[in-house]
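Engineer:
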Amino acid sequence: MDGLLINSEDIYTDVTNTILREHGRPDIPWSVKAKLQGRPGPEAGRLFHQWAQLPMSDDEFSTRNSELQMEQFKHCKPLPGVARLLQNLSRATSGPLERKVHMAVATSSHAKMFRVKTSSDEAKLLFSRDIFSPEHVVCGDDPRVPQGRGKPLPDIYLTALKTINQTIEASGSGEPPVRPEECLVFEDAVPGCEAGRRAGCRVVWCPHEGLLAEYRGREKEVLAGATGEHRQEHLEHAGASEFEASPGHVGEVDDGWAELLLSLADFDYEKYGIRVPALLN
Numbered sequence: 150m151d152g153l154l155i156n157s158e159d160i161y162t163d164v165t166n167t168i169l170r171e172h173g174r175p176d177i178p179w180s181v182k183a184k185l186q187g188r189p190g191p192e193a194g195r196l197f198h199q200w201a202q203l204p205m206s207d208d209e210f211s212t213r214n215s216e217l218q219m220e221q222f223k224h225c226k227p228l229p230g231v232a233r234l235l236q237n238l239s240r241a242t243s244g245p246l247e248r249k250v251h252m253a254v255a256t257s258s259h260a261k262m263f264r265v266k267t268s269s270d271e272a273k274l275l276f277s278r279d280i281f282s283p284e285h286v287v288c289g290d291d292p293r294v295p296q297g298r299g300k301p302l303p304d305i306y307l308t309a310l311k312t313i314n315q316t317i318e319a320s321g322s323g324e325p326p327v328r329p330e331e332c333l334v335f336e337d338a339v340p341g342c343e344a345g346r347r348a349g350c351r352v353v354w355c356p357h358e359g360l361l362a363e364y365r366g367r368e369k370e371v372l373a374g375a376t377g378e379h380r381q382e383h384l385e386h387a388g389a390s391e392f393e394a395s396p397g398h399v400g401e402v403d404d405g406w407a408e409l410l411l412s413l414a415d416f417d418y419e420k421y422g423i424r425v426p427a428l429l430n
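Numbers given in the numbering used here equal positions in the sequence shown, counted from 1, plus 149.
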């Protein structure tokens, strides 16, 4: 969601820089921000404080950060091409059996912040029941996702898929469950790309231009989920035994299971066998 569907990543940057400037610190560079994107809040916070070295306690920072975020996130807007993409996919079918395209949200944002970020009139349209059923929204603090198993681990995407299959089963339609290899994950963050690949899904990476510049020359590694995000702080803080229990598997460079888009407005429906009646422009 953040930085993919709505402009909340830019708001995160503005809020963070406001606090840094208040304490005479430089703006956050993309080399640091790239490590924070897509991660669960506690992990992102730990990495940020390790770099920032602000002369304030974690509680003081959290209070000031929340104060600024709660105001700014009320004004989130859709990113280019997003509204049209979601409207098209909500009416689409795929495969030889013309199956409905099911959609879910898998975001590291906690439920409270999800509600704030989707409260503007423009954002509400993206997350209406016609697009995403409430039971198909999986947030970072969702009890259905095991604690300590956030992105880049695959659990949040597998949980989102489970919610879809539960809806299919409950419908009594006889439609078979959706398999991971039939899923397409849209991501802007590098840990999220790895989570999608580890879940066994195909991935569309649509990064911020600042993030893309940071990974210039390593794009293929990101698309394969092979940048090594899973080997970093998670081993130390989640516990190796828990981490190793089900990390999933990354892909191979140039395996054709992921692509890079500069904008979601450029999404090619035919490439994925998706058919949309009266495609919206």
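Don't be surprised by glycine CBs; every beta carbon is placed ideally from N, CA and C.
Using the C-alpha atoms, what's the distance from L361 back to W354?
Structural biologist: Taking the first residue of the sequence shown as position 1, residue 354 is located at position 205. Taking the first residue of the sequence shown as position 1, residue 361 is located at position 212. Whole-angstrom Cα-Cα distance: 10 angstroms.
Engineer: Identify whether H398 lies in helix, strand or coil by the three-state DSSP scheme.
Structural biologist: In the sequence shown, residue 398 corresponds to position 249, counting from 1. Looking at H398 - three-state DSSP - the assignment turns out to be coil, as it is neither helix nor strand.
Engineer: I'd like the span of the beta strand (DSSP E) that includes E247, first residue to last.
Structural biologist: Mapped onto the sequence shown, residue 247 falls at position 98. First-last for E247: undefined, no H or E at that position.
Engineer: Considering only DSSP beta bridges, list what R424 is partnered with.
Structural biologist: What you label residue 424 is simply residue 275 of the sequence shown in a count that begins at 1. T242, per the DSSP bridge assignment.
Engineer: Could you compute how far the alpha carbon of E209 sits from the alpha carbon of M262?
Structural biologist: Translated into positions along the sequence shown, residue 209 becomes position 60. Translated into positions along the sequence shown, residue 262 becomes position 113. Between E209 and M262, the C-alpha separation is close to 19 angstroms.
Engineer: Taking the alpha-carbon positions, what's the V250 to R328 distance?
Structural biologist: Numbered from 1 along the sequence shown, position 101 holds the residue referred to as residue 250. Numbered from 1 along the sequence shown, position 179 holds the residue referred to as residue 328. In a straight line, the C-alpha of V250 is about 13 angstroms away from that of R328.
Engineer: Does DSSP classify F276 as helix, strand or coil?
Structural biologist: Translated into positions along the sequence shown, residue 276 becomes position 127. In the structure shown, F276 sits in coil (DSSP, three-state: anything other than H, G, I, E or B).
Engineer: With DSSP collapsed to three states, give me the class of D151.
Structural biologist: Along the sequence shown, one-based indexing puts residue 151 at 2. The answer is strand: DSSP assigns D151 an E or B state.
Engineer: Please confirm if the stretch 265-280 is in contact with the stretch 218-225, defined as three or more CB-CB distances below 8 angstroms between the two stretches.
Structural biologist: Segments in contact, yes.
Engineer: Just curious, the alpha helix (DSSP H) that L119 is in, first and last residue?
Structural biologist: Residue numbering for the chain in the displayed model covers 150 to 430; residue 119 lies beyond these limits and cannot be assessed.
Engineer: Taking only the alpha-carbon atoms, compute the straight-line gap between P283 and D417 and give it to the nearest angstrom.
Structural biologist: Here residue 283 is taken as the residue at index 134 of the sequence shown, counted from 1. Here residue 417 is taken as the residue at index 268 of the sequence shown, counted from 1. Those two C-alpha atoms are separated by around 27 angstroms.
Engineer: Let me know the secondary structure DSSP gives E192 once reduced to three states.
Structural biologist: As a first step, residue 192 is located in the sequence shown; it is residue number 43 there, counting from the start. Helix, per DSSP.
Engineer: Based on Cα-Cα distance, which residue from P295, G359, A373, T312 lies nearest to G341?
Structural biologist: Working through the sequence shown from its first residue, we reach residue 341 at position 192. It is A373.
Engineer: Could you please give me the residues that DSSP links to E408 through a beta bridge?
Structural biologist: Mapped onto the sequence shown, residue 408 falls at position 259. Looking at the DSSP assignment, E408 forms a beta bridge with V353.
Engineer: Would a C-beta distance cut-off of 8 angstroms place S322 and G289 closer than the cut-off?
Structural biologist: Here residue 322 is taken as the residue at index 173 of the sequence shown, counted from 1. Here residue 289 is taken as the residue at index 140 of the sequence shown, counted from 1. In this structure, G289 does not lie closer than 8 angstroms to S322 by Cβ.
Engineer: Quick test of your reading: A253 and F281, contact by CB under 8 angstroms. State the CB separation rounded to the nearest angstrom.
Structural biologist: Counting from one through the sequence shown, the residue named residue 253 turns up at place 104. Counting from one through the sequence shown, the residue named residue 281 turns up at place 132. Sure, about 7 angstroms apart at Cβ, within 8 angstroms.
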